[in-house]
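Colleague:
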Amino acid sequence: MIEIVERGKRFVDRGIPVLILGETGTGKELLARALHAYSTRRDAAFVALNCASIPDTLIESELFGYTRGAFSGALTAGMKGKLIQANGGTLLLDEIGDMPAAQQTRLLRALSEREVTPLGAASPTAINFQLICATHQDLSALVEEGCFRADLFYRIAVGVLRLPALRERSDLAKLIERITNEEADDQVDQVTFEADALGVLMSCEWPGNLRQLRAALRYACAVMKDSTICVEDLPRELMNVRAFSAKQQRIGQTLSQIEDCVKPDRRDRLLEVLANKRWNISAAAKDLGICRSSLYRQLKSLGIPHVRDAGHDLLKARENRASPIWGGPAIAN
């Protein structure tokens with residue numbers, strides 16, 4: 001991602017039109033805003049228009065504007081189009097692949113002549129802005145199909161930036177950590193993850209990309225207990241993902257809490273914490289930074305009994321290198 005941003009900076013330094021390609025939710029508008037904030041035009045306006053969200057009958061007015069009385073139902077004072085609003089700043093045309101053919105022609109002419117004539121105006125207005133376009137579609141394929149003008153494509157596709165899908169990014173763990181800190185309550189110092197929960201997040205395909213990830217972490221932060229996110233805190237739709245899939249090897253190389261869960265002496269660590277907490281599961285889980293349910297699963301998988309006296313005997317047996325003795329009263333909750 002750093003390389004993509006740096007390349008984008010070089011494009012805007014030269015005033016080159018930028019085309020950002022990427023799946024829905026990968027952060028195309030965020031990148032456009034970052035490039036504007038970096039550029040020498042940062043003190044001027046950043047104007048964005050989503051071409052897919054405007055009806056064909058209104059997009060002309062939104063783009064090019066109109067004067068007072070230009071047509072029946074026009075605003076009394078007229079309206080400045082986005083091309084004029086962005087003058088001196090940056091114009092983002094999001095989902096430009098959905099722009100109607102007629103407006104593609106007008107846009108191409110405005111970009112070529114560096115001026116625009118609002119509907120009803122007697123003379124054109126000069127325009128000068130950094131153009132950034134974005135789309136999730138394959139514009140070259142649309143050109144071949146005759147759905148997008150080839151000359152407009154070559155005009156806007158000068159500085160091309162391709163944003164990777166979230167599942168392709170190597171910094172997913174850092175993104176999870178950063179977004180979680182942004183979404184967590186101000187009263188929570190630091191949010192930690194149960195290993196299984198982070199395993200699910202790292203294994204998910206994320207078809208909605210960053211937008212879906214943020215929504216999932218916002219939900220988890222809202223329902224988590226204390227400051228630890230468990231598997232049970234994740235949205236139900238993510239549970240269709242196997243927590244330990246073929247991608248799980250990525251987990252052990254990410255956050256420090258995962259490393260703690262895969263140490264060879266994990267069994268000894270659990271015994272020591274349980275002994276220090278007098279086999280109080282709630283206190284031990286909090287000290288370990290995991291959920292009670294996760295601690296119970298780990299105890300079961302490691303063959304540690306859920307009883308106080310047996311646990312003490314097991315700890316003593318470990319110290320004496322003797323066989324553990326099972327049995328005893330129930331542990332405290």
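Residue 1 is where the sequence shown starts when you use UniProt numbering, and the numbers rise one by one after that. For each residue, glycine too, the CB sits at the ideal point set by N, CA and C.
(1) Just the C-alpha distance for residue 268 and residue 26, rounded to the nearest angstrom, thanks.
(2) Nearest-angstrom Cα distance between residue 19 and residue 161?
(3) What did DSSP end up calling residue 87 once you bin it into helix, strand or coil?
(4) For residue 87, which option in 126, 208, 65, 183 has the closest C-alpha, if you only look at C-alpha atoms?
(5) Who are the near neighbours of residue 230 in its chain, counting only those whose CB is closer than 8 Å to its CB and skipping five residues on each side?
(6) Along the beta strand (DSSP E) that carries residue 135, what are the first and last residues, could you check?
(7) Buried or exposed: where does residue 41 fall if 16 or more other Cβ atoms within 10 Å of its Cβ makes it buried?
(8) Just to confirm my understanding: we take residue 152, look at its own chain, exclude 5 residues before and 5 after, and list those with CB closer than 7 Å. What are they?
(9) Taking the alpha carbon of residue 179 as the reference point, which residue from 159, 191, 238, 58 has its own alpha carbon closest?
(10) Mapping DSSP to helix, strand and coil, what is residue 41?
(11) Going by DSSP, which residues form a beta bridge with residue 20?
(12) Do the CB positions of residue 226 and residue 286 come within less than 8 Å of each other?
(13) If residue 51 sits next to residue 96, beta carbons under 8 Å apart, how far is it from one beta carbon to the other, in whole angstroms?
(14) Going by DSSP, what residue range makes up the alpha helix (DSSP H) through residue 148?
(15) What residues are listed by DSSP as bridge partners for residue 47?
(16) Please go through the same chain and pick out, in chain order, the residues whose beta-carbon is closer than 7 Å to the beta-carbon of residue 79, but skip the five residues on each side of it.
(17) Alpha carbon to alpha carbon, how far is residue 281 from residue 48?
Modeller: Straight from the coordinates:
(1) 43 Å
(2) 6 Å
(3) Reduced to three states, the DSSP call for residue 87 is coil.
(4) 126
(5) 194, 196, 197, 224, 290, 291, 293, 294
(6) 130–135
(7) buried
(8) 104, 107, 108
(9) 191
(10) coil
(11) 134, 161
(12) yes
(13) 6 Å
(14) First-last for residue 148: undefined, no H or E at that position.
(15) 91
(16) 61, 65, 66
(17) 53 Å
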